[in-house]
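Those letters in the sequence shown? Residues 294 to 1210, per the numbering used here, in order.
No residue lacks a Cβ here, since even glycine has one placed at the ideal position from N, Cα and C.
Everything below concerns the one structure shown next.
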Amino acid sequence: MMRSNPSIPIPRTVPLLPLHDKVLLPGVVTRLQISRRESIPLFEKILRSYDSKDLNKCIIGVFLVHTPLLPLSDSASSNENTKDNSDNGDNGVNNNNKGNSNIRKKRSSSISKSDYGGYPLTDDGAVVGSNAGQVVPSMGGGGPASGNGGRGGSHPPVDPAHIHATGCAARLVRLERAVGGFTVMLEGVVRLRLNKIIAQTPFFEADVTPLLDRPVDKNDQKLQDQIVALKSTSKEFVSLLQTLKLPAPVLVQLQKFLENVGDIPGQVVDLLMSTIESTNEEKLIILDASDLKERIPKAIELLTRQIHVLKISQKVHDNVEGKLNKKQREFYLRQQIAAIKEELGEKDAGEDDEMTTIENRLTAANLPAEVQKAADREMKRLRKMQPSSSEYSVIRNYLDWLGDLPWSKSSEDILDVERARKQLNDDHHGLEKVKRRILEYLAVTKLQQMKGDVKGPILCLVGPPGVGKTSLGRSIATAMGRKFHRISLGGVWDESEIRGHRRTYVGALPGLIIHGLKKCEVNNPVFLLDEIDKVGSRGHHGDPSAAFLEVLDPEQNNTFTDHYLNVPFDLSKVLFIATANSLDTIPAPLLDRMELITIPGYTYAEKLAIATNHLLPKQIRQHGLNNDDIKVTQEALLKVATGYTRESGVRHLEREIGSLVRAKAVEYAEAQERRLSNDGGTLLQPDYHSLVTVTDVEEILGQEKYVNEVTERTPTPGVVTGMAYNGVGGGILFIEVSQMPGKGNLQLTGSLGDVIKESAQIALSWVKGHGYDLGLTTGHGQNIMEKSDVHIHMPGGGTPKDGPSAGIAMVCALVSMFSHQTVPATTAMTGEFTLRGLVMPVGGIKEKVIAAHRAGVRKIIMPLRNRKDVVSDVPVNVREEIEFFYASTVWEVLREAFEGRVAVRAGSVTAALDSRM
294 MMRSNPSIPI PRTVPLLPLH DKVLLPGVVT RLQISRRESI PLFEKILRSY DSKDLNKCII
354 GVFLVHTPLL PLSDSASSNE NTKDNSDNGD NGVNNNNKGN SNIRKKRSSS ISKSDYGGYP
414 LTDDGAVVGS NAGQVVPSMG GGGPASGNGG RGGSHPPVDP AHIHATGCAA RLVRLERAVG
474 GFTVMLEGVV RLRLNKIIAQ TPFFEADVTP LLDRPVDKND QKLQDQIVAL KSTSKEFVSL
534 LQTLKLPAPV LVQLQKFLEN VGDIPGQVVD LLMSTIESTN EEKLIILDAS DLKERIPKAI
594 ELLTRQIHVL KISQKVHDNV EGKLNKKQRE FYLRQQIAAI KEELGEKDAG EDDEMTTIEN
654 RLTAANLPAE VQKAADREMK RLRKMQPSSS EYSVIRNYLD WLGDLPWSKS SEDILDVERA
714 RKQLNDDHHG LEKVKRRILE YLAVTKLQQM KGDVKGPILC LVGPPGVGKT SLGRSIATAM
774 GRKFHRISLG GVWDESEIRG HRRTYVGALP GLIIHGLKKC EVNNPVFLLD EIDKVGSRGH
834 HGDPSAAFLE VLDPEQNNTF TDHYLNVPFD LSKVLFIATA NSLDTIPAPL LDRMELITIP
894 GYTYAEKLAI ATNHLLPKQI RQHGLNNDDI KVTQEALLKV ATGYTRESGV RHLEREIGSL
954 VRAKAVEYAE AQERRLSNDG GTLLQPDYHS LVTVTDVEEI LGQEKYVNEV TERTPTPGVV
1014 TGMAYNGVGG GILFIEVSQM PGKGNLQLTG SLGDVIKESA QIALSWVKGH GYDLGLTTGH
1074 GQNIMEKSDV HIHMPGGGTP KDGPSAGIAM VCALVSMFSH QTVPATTAMT GEFTLRGLVM
1134 PVGGIKEKVI AAHRAGVRKI IMPLRNRKDV VSDVPVNVRE EIEFFYASTV WEVLREAFEG
1194 RVAVRAGSVT AALDSRM
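Spelled out as structure tokens, the structure:
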């Protein structure tokens, strides 16, 4: 806001208002928010001394305060500069305004003028004050304060040496109290020269001299030429402002002043400088120029620069307008048609806004050509429909889905192999195989980045519950810098939940895959297909597992078509990770499309490391404690793992550790309450012990839930320890054989499947056929079951059992029962065998061995061809604690199991040789 100022008397001594980021010129009205401690007492006094009608008689001096800056050199040079500058500081006041333009030096090209409130820097990084040629050392950084005189805390206290020598006398137009200070409106009157500071408390007062503009000398040809140039430049500037459609009062006021430029050129310059874009430094130059011959040329220079800027902006605007593409022209014409229809009452304006919104969203989605064609077709249909039509909402929802999907939006992969390895190692202990596969994918993607896209692998993590399959998927996404989305497939029985519903159905929606992409907002997230082995089977709603054949095929999923969208979507950039507990329920074609990575159960050493590094700190955080508030010994954690859990994963172990932490949390809270006695706040001696020992575990969790199944057993004839594997990991399996009077029948119990029943028949047939060689009969052809029956039982009838791997264990159990010899309880065995006595390899070796080690087994007999599985998969610490014996025939198994206590006749050698052929 600008005004012409009347002749107002200026007192010799005036109070000062220091401003940190604003320059006030004569004739300009500005509004300030006052909140600095140095300035508030001034306006408190003004309120007490002046009536509201007499405020305009109050004159104050407004001066810029130069904010000290940090030097650009290091701290050592900063201290040196400070010392040098302080030595020269006394010379400033004597120089006053002399040579202001000479002492200003050009800033370094790396520093913007606006960064330091327009205050110039010398080449050595110090601040140059124009008030006296004084060089002020840079003291601190930070941006400028708001244009309000500075808020308390934004700037250090005002140093008189930093106050600019030239300011502006201002009269109060309005003064109001505000939160934290005052709101004032000031009108610049005349320039002031600061002679000296008289007082600094409670506010600054100074001795000043007004710097009035001299009357224009009509005979001064140089000045007259400058005024003519100023008038010409000003008119060109105002004509450009008219094209910008500025408010009419502002333009009228400018034109009025320009008419009097010959009489009051100084006021015209001050007014124009407040109108154009200029820095505080440039305004200070105008303020310092009390002589019109200095002020007018500088103003012409700044006006010319502003005119060039406006011309360039207008030219750019015209060029952009002239390059409207076809869609923009169509949109413009459509807007005109809509306006005409609105005037005629034929169309609701809200409908047009809705259409525009849909079009903008579709345009922003950057649809592929085929999808864009479908969207245009649906838009044409939508324009012809009434909003009340039922089909209108169906098409509208369809277009919303097309606009919301990330057709071309991808997140940038973090292809840092070392960072990914650290992330995976920090989140999970062990699991080296799956970590290696993820690092391989990252490395290949990094190498192929310049050659083309690498299709994401389809991984399937198979393992028992609680081993970290789901959390591993989340860690993979974090390591790659991708978004993560989990799809739970347990109980999904409808194919439409994967592929979506066709739009012919009421309430149709896309499937889970498209829903996940919309939620992630990128087309390359990490999708975790959780529990893919529990997808429903084929029914009258289709086969959900068959729908995944396209989704999980890298050769086909680049054109995945959801039934709802009915247009292809590229899923090749998505990293799919499936999880499963068992492979038995996954169809073979689907299994063939996935890369299987088996995650076995953890050993006790791995569980101890996981509990120490992950589970215990997590439970401490969740229960409101700090790491120093509870300490659990390694022996106590191992006791929890061995005596209170019996699982392949660590889920139950985490719950038991949570029970320990909750118990200690109660003790800690009670101890905190007891530390304050009698409401006096006196601290008592602490009675809380943060350490949890083995004894504390038994007191908190009670008696052990699991005992060592093997070591607690007494060797008994007819009882042998076998090894089993199922979907939740491995385990040991006791095989019990009993003989009773009968007619030679075999009875099998324990929820056995067909395969294991056949293994029992084969074992009994082999033992009956080699009874004489084993010393069980006195002659060839004698039947050891002539007057007796045999009953084979496997405890745990509630658990189905099947498979051929218990073959050699049943042979040993039958021989043990007939010979009344025992097999050591700490010896377990697994392996399939044939009627000819050959021992065949079996699967699940790592899981079986880990489960046997967990149960206390110290010797394992297994097929010779499974040696490679032990060496490559079984952890080293487990191999060191278990003795392995590898057999190729059942005779070797019997010799090792009974430790030579079963008599073998000479004919058995021939039988053994025959069995090897």
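Residue 1116 beta carbon near the ligand ADP (any heavy atom closer than 7 Å) = Annotation note on the ligand ADP: not contained in the displayed structure, which lists no ligands.
Buried or exposed: which applies to residue 920, given that a residue is buried once 16 or more other Cβ atoms fall within 10 Å of its Cβ?
-> For the purposes of this step, residue 920 is taken as the residue at position 627 of the sequence shown. Only exposed fits residue 920, as fewer than 16 other CB atoms lie within 10 angstroms of its CB.
Output yes or no for whether 8 Å exceeds the beta carbon distance between residue 1125 and residue 1090.
-> To locate residue 1125, count along the sequence shown from 1; it is residue 832. To locate residue 1090, count along the sequence shown from 1; it is residue 797. Taking 8 Å as the Cβ cut-off, residue 1125 and residue 1090 do not qualify as a contacting pair.
Just the Cα atoms here: how many angstroms apart are residue 794 and residue 697?
-> On the sequence shown, position 501 is the one that residue 794 refers to. On the sequence shown, position 404 is the one that residue 697 refers to. Residue 794 and residue 697: Cα-Cα distance of roughly 18 Å.
Whose C-beta lies closer than 6 Å to the C-beta of residue 497 among residues of the same chain, with five residues either side of it excluded?
-> Position 204 of the sequence shown, counted from the first residue, corresponds to residue 497. Apart from sequence neighbours up to five positions away, the residues of its chain that approach residue 497 with a beta-carbon distance below 6 Å are 309, ordered along the chain.
Ranges of the beta strand (DSSP E) found wholly within the segment 698-774, counting only runs of at least 3 | The segment 698-774 contains these whole beta strand (DSSP E) runs: 751-755.
Could you name the residues of the same chain whose beta carbon sits closer than 6 Å to that of residue 851, not counting the 5 residues immediately before and after it, in chain order?
-> By 1-based counting over the sequence shown, the position of residue 851 is 558. If you ignore the 5 residues before and after residue 851, its C-beta comes within less than 6 Å of the C-beta of 863, 865, all in its own chain and listed in chain order.
Name the residue from 1060, 511, 1086 whose alpha carbon lies nearest to the alpha carbon of residue 1211.
-> It is not possible to answer for residue 1211, since the shown part of the chain is limited to 294 through 1210.
Would you tell me roughly how many angstroms separate the C-alpha atoms of residue 452 and residue 528, rounded to the nearest one?
-> By 1-based counting over the sequence shown, the position of residue 452 is 159. By 1-based counting over the sequence shown, the position of residue 528 is 235. For residue 452 and residue 528, the distance between alpha carbons rounds to 42 Å.
Given 8 Å as the limit, is there contact between the segment 1003-1019 and the segment 946-958, that is, 3 or more CB pairs closer than that?
-> Output reads no: the segment 946-958 does not touch the segment 1003-1019.
When 804, 854, 765 are compared against residue 823, the one with the closest alpha-carbon | Reading the sequence shown from its first residue, position 530 is the one you call residue 823. The shortest Cα separation from residue 823 among 804, 854, 765 belongs to 765.
In terms of residue numbering, what span does the beta strand (DSSP E) encompassing residue 873 cover?
-> Position 580 of the sequence shown, counting from 1, holds the residue named residue 873. First-last of the beta strand (DSSP E) with residue 873: 868-873.
Bridge partner(s) assigned by DSSP for residue 1182 = On the sequence shown, residue 1182 is found 889 positions in, with the first residue counted as 1. Per DSSP, 1131.
With 16 other CB atoms within 10 Å as the buried threshold, where does residue 948 fall?
-> As a first step, residue 948 must be located in the sequence shown, where it is residue number 655. By the Cβ neighbour-count rule, residue 948 is exposed, with fewer than 16 other Cβ atoms within 10 Å of its own.
Got a sec, what are the start and stop residues for the alpha helix (DSSP H) residue 662 sits in?
-> The residue given as residue 662 occupies position 369 in the sequence shown. The continuous alpha helix (DSSP H) containing residue 662 extends over residues 662-676.
Do the CB positions of residue 577 and residue 530 come within less than 8 Å of each other?
-> On the sequence shown, position 284 is the one that residue 577 refers to. On the sequence shown, position 237 is the one that residue 530 refers to. Residue 530 sits away from residue 577, with the two beta carbons spaced by 8 Å or more.
Please report how far the alpha carbon of residue 1011 lies from the alpha carbon of residue 1170, in whole angstroms.
-> Position 718 of the sequence shown holds residue 1011. Position 877 of the sequence shown holds residue 1170. Rounded to whole angstroms, residue 1011 to residue 1170 spans 32 Å at the Cα level.
Pick from 1081, 702, 880, 896: whose alpha carbon is nearest that of residue 935?
-> To locate residue 935, count along the sequence shown from 1; it is residue 642. With distances taken between Cα atoms, residue 935 lies closest to 896.
Below 6 Å CB to CB, which residues in the same chain sit around residue 655 once its five sequence neighbours on both sides are set aside?
-> By 1-based counting over the sequence shown, the position of residue 655 is 362. Excluding positions up to five away in sequence, the list reads 668, 696.
Give the secondary structure of residue 1162 by DSSP, where H, G and I count as helix, E and B as strand, and everything else as coil.
-> On the sequence shown, residue 1162 is found 869 positions in, with the first residue counted as 1. Helix.
Based on Cα-Cα distance, which residue from 752, 599, 557, 311 lies nearest to residue 868?
-> Numbered from its first residue, the sequence shown carries residue 868 at position 575. Relative to residue 868, the option among 752, 599, 557, 311 whose CA is nearest is 752.
Hey, out of 857, 987, 797, whose CA is closest to residue 805's CA?
-> What you label residue 805 is simply residue 512 of the sequence shown in a count that begins at 1. Checked all of 857, 987, 797; the closest Cα to residue 805 is 857.
Three-pair Cβ contact test at 8 Å for the segment 1106-1126 versus the segment 1178-1190 = With a cut-off of 8 Å, the segment 1178-1190 and the segment 1106-1126 count as touching, because enough Cβ pairs lie within range.
4-residue-minimum alpha helix (DSSP H) runs that sit fully inside the segment 497-567, ordered along the chain = Fully enclosed alpha helix (DSSP H) runs of 4 or longer: 514-536, 541-552, 558-566.
Name the one or two DSSP bridge partners that residue 1086 has.
-> The count along the sequence shown starts at 1 and reaches residue 1086 at position 793. Checking the DSSP bridge columns, you'll see residue 1086 partnered with 1029, 1042.
Chain-order list of residues whose beta-carbon lies under 6 Å from that of residue 849 (same chain, five-residue window excluded) | Along the sequence shown, one-based indexing puts residue 849 at 556. Result list for residue 849: 843, in chain order.
Cβ-Cβ distance between residue 769 and residue 819 below 8 Å | For the purposes of this step, residue 769 is taken as residue 476 along the sequence shown, with counting starting at 1. For the purposes of this step, residue 819 is taken as residue 526 along the sequence shown, with counting starting at 1. Contact annotation: residue 769 and residue 819 have beta-carbon atoms nearer than 8 Å.
With a threshold of 16 other CB atoms inside 10 Å of the CB of residue 890, please say whether the residue is buried or exposed.
-> The residue you call residue 890 lines up with position 597 of the sequence shown. Answer is buried; the Cβ neighbour count reaches 16.
Starting from the Cα of residue 721, find the closest Cα among 767, 758, 682, 679 and give me that residue.
-> Along the sequence shown, read from residue 1 onward, the residue named residue 721 stands at position 428. Ranking 767, 758, 682, 679 by Cα distance to residue 721 puts 767 first.
Which residue spans inside the segment 1107-1153 form an unbroken beta strand (DSSP E) run of at least 3?
-> The qualifying runs are 1120-1122.
Spatial neighbours of residue 446 in its chain, beta-carbon cut-off 7 Å, leaving aside the 5 residues before and after | Numbered from its first residue, the sequence shown carries residue 446 at position 153. Confidence at residue 446 is low in this model, with a pLDDT of 45, below 50, so the placement of that residue should be treated as unreliable; the coordinate-derived value is given next. Excluding positions up to five away in sequence, the list is empty.
Unbroken beta strand (DSSP E) run spanning residue 308, endpoints | On the sequence shown, position 15 is the one that residue 308 refers to. Where residue 308 is concerned, the enclosing beta strand (DSSP E) stretches over 306-312.
Distance, Cα to Cα, residue 723 vs residue 905?
-> Position 430 of the sequence shown, counted from the first residue, corresponds to residue 723. Position 612 of the sequence shown, counted from the first residue, corresponds to residue 905. Distance between the alpha carbons of residue 723 and residue 905 is about 14 Å.
Residue 481 - partner residues in DSSP beta bridges = Position 188 of the sequence shown, counted from the first residue, corresponds to residue 481. Listed as beta-bridge partners of residue 481 by DSSP are 463.
Which one or two residues does DSSP pair with residue 326 in a beta bridge?
-> What you label residue 326 is simply residue 33 of the sequence shown in a count that begins at 1. Residue 326 pairs with 476.
From the DSSP output, which residues share a beta bridge with residue 890?
-> Against the sequence shown, residue 890 aligns to sequence position 597. Answer is 754, bridged to residue 890.
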